[in-house]
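Undergrad:
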Amino acid sequence: MLFNELGLSADILRAVSERGYNKPTPIQIKAIPLVLQGLDILAGAQTGTGKTAGFTLPMLQILSANSIKKSSRPIRALVLTPTRELAAQVAESVKTYSKYLSVRSTVIFGGVKINPQIAILRSGVDILVATPGRLLDHAHQKTLDLSQVEILVLDEADRMLDMGFLPDIRKLLALLPKKRQNLLFSATFSDDIKRLADGLLNSPTLIEVAQRNTASERIEQTIHFVDKGRKRELLSFLIGSENWRQVLVFTRTKHGANRLAKQLEEDGLTAAAIHGNKSQGARTKALADFKQGKIRVLVATDIAARGLDIDQLPHVVNFELPNVSEDYVHRIGRTGRAGKEGEAISLVCVDEHKLLRDIERLLKLNLPKKVIDGFSPDPSIKAEPIENGRQNRGRGKPRHAGNARGPDKNVWGARGNKNR
Ligand code: AMP
Numbered sequence: 032m033l034f035n036e037l038g039l040s041a042d043i044l045r046a047v048s049e050r051g052y053n054k055p056t057p058i059q060i061k062a063i064p065l066v067l068q069g070l071d072i073l074a075g076a077q078t079g080t081g082k083t084a085g086f087t088l089p090m091l092q093i094l095s096a097n098s099i100k101k102s103s104r105p106i107r108a109l110v111l112t113p114t115r116e117l118a119a120q121v122a123e124s125v126k127t128y129s130k131y132l133s134v135r136s137t138v139i140f141g142g143v144k145i146n147p148q149i150a151i152l153r154s155g156v157d158i159l160v161a162t163p164g165r166l167l168d169h170a171h172q173k174t175l176d177l178s179q180v181e182i183l184v185l186d187e188a189d190r191m192l193d194m195g196f197l198p199d200i201r202k203l204l205a206l207l208p209k210k211r212q213n214l215l216f217s218a219t220f221s222d223d224i225k226r227l228a229d230g231l232l233n234s235p236t237l238i239e240v241a242q243r244n245t246a247s248e249r250i251e252q253t254i255h256f257v258d259k260g261r262k263r264e265l266l267s268f269l270i271g272s273e274n275w276r277q278v279l280v281f282t283r284t285k286h287g288a289n290r291l292a293k294q295l296e297e298d299g300l301t302a303a304a305i306h307g308n309k310s311q312g313a314r315t316k317a318l319a320d321f322k323q324g325k326i327r328v329l330v331a332t333d334i335a336a337r338g339l340d341i342d343q344l345p346h347v348v349n350f351e352l353p354n355v356s357e358d359y360v361h362r363i364g365r366t367g368r369a370g371k372e373g374e375a376i377s378l379v380c381v382d383e384h385k386l387l388r389d390i391e392r393l394l395k396l397n398l399p400k401k402v403i404d405g406f407s408p409d410p411s412i413k414a415e416p417i418e419n420g421r422q423n424r425g426r427g428k429p430r431h432a433g434n435a436r437g438p439d440k441n442v443w444g445a446r447g448n449k450n451r
């Protein structure tokens, strides 16, 4: 299947080909023709599948085909995303693909001044990409009008619910016209998502690509057992000895991210931390520096990394395992994107054996385990409770796997069993 068989206009195809895509991805093949027909869709797709172009390309086509000759430019398409980073990335995609069209788009999210956003909104935009909180602020201040929206996209809807955005979404829905096209993208279909979809979508077509957790099959994953106090040393050693050009490293806490970035700098590696306590400017700069190759190591917490789209990222390291097993899948999904192979390495100390078991249970996999010469864990070190770095997940339900049976105990060896 080629892009030019999907019913897209020459101006859009030109922008797509300049972006360097040769073939549409499975979600694009399924979604684009349906969206062009004006249908509502409920799509199961994770980041990395090409879902953004899957909704953006047909949306642009619809808007440019029925362009409105009004002096005021009403918002005709609204894309809601859970995080600022994802909003910025979707908006960037919209700009890229609309290069040869006369549609105007902008992005609004919190953490930055509201006045410049008001000025842009006042000048008129066709497509608005936004996070729910700031969008509601604008709605309350009456600095935007959503009454002419023709297409609504909820991107990463499961994340939005996880982050407690449901009440905001409901308030926003009330401001939209009843007749509109709705596209809902979600990596998972919980009961909450199904309920939201039921209330929102009009006889939706369900499309699903790549099962959840498939990243875990595509990506080469390794566990390195190592003492907590030697993780930084091992990380620097891996980066240097394997000559990694760039790596995304996850820590559990914001403080841990800062500390690690600083220590890596002391080891002579260019590094920056990205997390929720950093200003939007600092986050954007760190990400841009990383994308441009100015920084070799980007240290991130789970929330800050959501939706990060970094092309060709071959290595992800879990400096600490996440407290919530599903976050492991999201973390490693940052590598091996759009069909590319990737490598995910987790540095696991004695305190984290239970977290590792939970992850393996979720993946239904025994992950390969390796001790690097010179970094074998000291058997006299006993497990200690893990520092609670759990970030605020809003009103989301806890997603812990519960107390199902663990994997075969042989995997753990005698010492690991003590910690069960
Ligand atoms: P997404 O799932 O939308 O976050 O996209 C994941 C990555 O795939 C992004 O880096 C896109 O630029 C890239 N991508 C999207 N569509 C294609 C395509 N048809 N061919 C190759 N890469 C693509």
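Count the sequence shown with my numbering and you get residues 32 to 451, in order.
The C-beta atom is built at its ideal place from N, Cα and C for all residues, glycine as well.
#1: Strictly by DSSP, which residues pair up with L73?
#2: Check whether the region 325-333 and the region 273-281 touch, using three or more Cβ-Cβ pairs below 8 Å as the test.
#3: In angstroms, rounded to a whole number, what distance separates the CA positions of L232 and E357?
#4: At a cut of 8 Å, does the region 389-398 reach the region 260-277 through at least three beta carbon pairs?
#5: Taking the alpha-carbon of I60 as reference, which of R249, R45, T83 and A41 has the nearest alpha-carbon?
#6: Below 8 Å on the Cβ atoms is my contact criterion, and I expect H255 with L378 to pass it. Report the Cβ-Cβ distance as a whole number of Å.
#7: Could you give the residue range of the alpha helix (DSSP H) that holds A313?
#8: Beta-carbon separation of R211 and I182 under 8 Å?
#9: Do R261 and T301 come within 8 Å of each other at the CB atom, strictly closer than that value?
#10: Near K130, which residues of its chain fall below 7 Å by C-beta distance, leaving aside the five closest residues on each side in sequence?
#11: Do G155 and G141 count as a contact pair if the criterion is CB distance below 8 Å?
#12: Ends of the beta strand (DSSP E) at I254?
#13: Select from E49, E116 and G69 the residue whose C-alpha is nearest the C-alpha of A313.
#14: State the DSSP-derived secondary structure class of K428, mapped to helix, strand or coil.
#15: Check this for me: beta carbons of V143 and A122, under 8 Å apart or not?
#16: Going by DSSP, what residue range makes up the alpha helix (DSSP H) through I270?
#17: Determine whether the Cβ of H384 lies closer than 8 Å to any Cβ atom of chain D.
#18: Between which two residues does the beta strand (DSSP E) holding A331 run?
#19: My understanding is that V257 touches F406, with C-beta atoms under 8 Å, so please give their C-beta distance in whole angstroms.
#20: Any idea what DSSP makes of S377, helix, strand or coil?
#21: Could you check what DSSP says for N35 in three-state terms: helix, strand or coil?
#22: Quick check: is any heavy atom of ligand 1 less than 7 Å from the C-beta of A84?
#23: Is the region 216-236 touching the region 144-151, taking contact as three or more C-beta pairs under 8 Å?
#24: Could you please give me the residues that DSSP links to N349 through a beta bridge?
#25: According to DSSP, simplified to helix, strand and coil, what is T137?
#26: At a threshold of 7 Å, does T112 count as lining ligand 1 (C-beta to nearest heavy atom)?
#27: Pop quiz: I43 and L91 are said to be a contact at Cβ under 8 Å. What is the actual Cβ separation, rounded to whole angstroms?
#28: By the DSSP assignment, the beta strand (DSSP E) with A414 in it spans what residues?
#29: Measure the C-alpha to C-alpha separation of A317 and Q294 and round it to an integer number of angstroms.
#30: Any idea if L175 is buried or exposed, counting beta-carbon neighbours within 10 angstroms, 16 or more meaning buried?
#31: In the DSSP assignment, the beta strand (DSSP E) including A161 goes from what residue to what residue?
#32: For K209, name the three-state secondary structure that DSSP assigns.
#33: Whole angstroms are fine: how far does the CA of M32 sit from the CA of T366?
#34: Which residues mark the beginning and the end of the beta strand (DSSP E) in which I60 is found?
#35: On the three-state DSSP scale, how would you describe V110?
#36: Between which two residues does the beta strand (DSSP E) containing L185 stretch?
TA: So, from the listed chains and residues:
#1: For the purposes of this step, residue 73 is taken as residue 42 along the sequence shown, with counting starting at 1. In the DSSP output, where bridge partners are listed per residue, L73 has L215 and L237.
#2: yes
#3: In the sequence shown, the residue the question calls residue 232 occupies position 201. In the sequence shown, the residue the question calls residue 357 occupies position 326. C-alpha separation (whole angstroms): 27 Å.
#4: no
#5: By 1-based counting over the sequence shown, the position of residue 60 is 29. That would be T83, whose Cα lies nearest to the Cα of I60.
#6: Working through the sequence shown from its first residue, we reach residue 255 at position 224. Working through the sequence shown from its first residue, we reach residue 378 at position 347. Right, their Cβ atoms sit about 5 Å apart.
#7: The residue you call residue 313 lines up with position 282 of the sequence shown. Note, A313: alpha helix (DSSP H), Q311 to K322.
#8: Within the sequence shown, the letter at position 180 stands for residue 211. Within the sequence shown, the letter at position 151 stands for residue 182. Contact: yes.
#9: As a working note, residue 301 is residue 270 in the sequence shown. As a working note, residue 261 is residue 230 in the sequence shown. No; because the gap between Cβ atoms is not below 8 Å, this pair is not in contact.
#10: Within the sequence shown, residue 130 is the residue found at index 99, counting from 1. Result list for K130: A46, in chain order.
#11: Residue 141 sits at position 110 when you count from the first residue of the sequence shown. Residue 155 sits at position 124 when you count from the first residue of the sequence shown. Not a contact, by the Cβ cut-off of 8 Å.
#12: Against the sequence shown, residue 254 aligns to sequence position 223. Note, I254: beta strand (DSSP E), I250 to F256.
#13: Residue mapping note: residue 313 aligns to position 282 of the sequence shown, counting from 1. Taking only the C-alpha atoms, the option nearest A313 is E116.
#14: Position 397 of the sequence shown holds residue 428. Residue placement at K428 cannot be trusted, given a pLDDT of 37 that sits under 50; the coordinates are not used to answer.
#15: Translated into the one-based positions of the sequence shown, residue 143 becomes position 112. Translated into the one-based positions of the sequence shown, residue 122 becomes position 91. Contact: no.
#16: By one-based count along the sequence shown, residue 270 stands at place 239. Taken as a continuous stretch (DSSP letters only), the alpha helix (DSSP H) holding I270 covers K262 to S272.
#17: Among the protein chains of the structure shown there is no chain D, as only one such chain exists.
#18: Numbered from its first residue, the sequence shown carries residue 331 at position 300. Element bounds for A331: V328 to A331.
#19: In the sequence shown, counting from the first residue as 1, residue 257 sits at position 226. In the sequence shown, counting from the first residue as 1, residue 406 sits at position 375. V257 to F406, Cβ: 5 Å. Contact.
#20: As a first step, residue 377 is located in the sequence shown; it is residue number 346 there, counting from the start. Strand, per DSSP.
#21: Within the sequence shown, residue 35 is the residue found at index 4, counting from 1. Reduced to three states, the DSSP call for N35 is helix.
#22: Looking up residue 84 in the sequence shown gives position 53. It does: the Cβ of A84 is within 7 Å (strictly closer) of some heavy atom of ligand 1.
#23: no
#24: To locate residue 349, count along the sequence shown from 1; it is residue 318. N349 is bridged to F281 and S377.
#25: One-based indexing of the sequence shown puts residue 137 at position 106. Three-state DSSP puts T137 in a strand.
#26: Translated into positions along the sequence shown, residue 112 becomes position 81. Because no heavy atom of ligand 1 lies under 7 Å away, the Cβ of T112 does not count as near it: no.
#27: Looking up residue 43 in the sequence shown gives position 12. Looking up residue 91 in the sequence shown gives position 60. At roughly 6 Å, the Cβ-Cβ gap stays under 8 Å, so I43 and L91 are in contact.
#28: Here the question's residue 414 lines up with position 383 in the sequence shown. A414 -> no beta strand (DSSP E), and no H or E assigned at all.
#29: Translated into positions along the sequence shown, residue 317 becomes position 286. Translated into positions along the sequence shown, residue 294 becomes position 263. Computed Cα separation, rounded: 17 Å.
#30: Numbered from its first residue, the sequence shown carries residue 175 at position 144. Under this definition L175 is a buried residue.
#31: Within the sequence shown, numbered from 1, the residue matching residue 161 stands at position 130. Its beta strand (DSSP E) spans residues I158 to A161.
#32: Indexing the sequence shown from 1 puts residue 209 at position 178. If DSSP states are grouped into helix, strand and coil, K209 belongs with coil.
#33: For the purposes of this step, residue 366 is taken as residue 335 along the sequence shown, with counting starting at 1. For the purposes of this step, residue 32 is taken as residue 1 along the sequence shown, with counting starting at 1. Taking the straight line joining both Cα atoms gives about 25 Å.
#34: For the purposes of this step, residue 60 is taken as residue 29 along the sequence shown, with counting starting at 1. Counting along the chain, I60 falls outside any beta strand (DSSP E), though it belongs to the alpha helix (DSSP H) covering P57 to L67.
#35: Taking the first residue of the sequence shown as position 1, residue 110 is located at position 79. Reduced to three states, the DSSP call for V110 is strand.
#36: Residue 185 sits at position 154 when you count from the first residue of the sequence shown. Unbroken beta strand (DSSP E) run through L185: I182 to L185.
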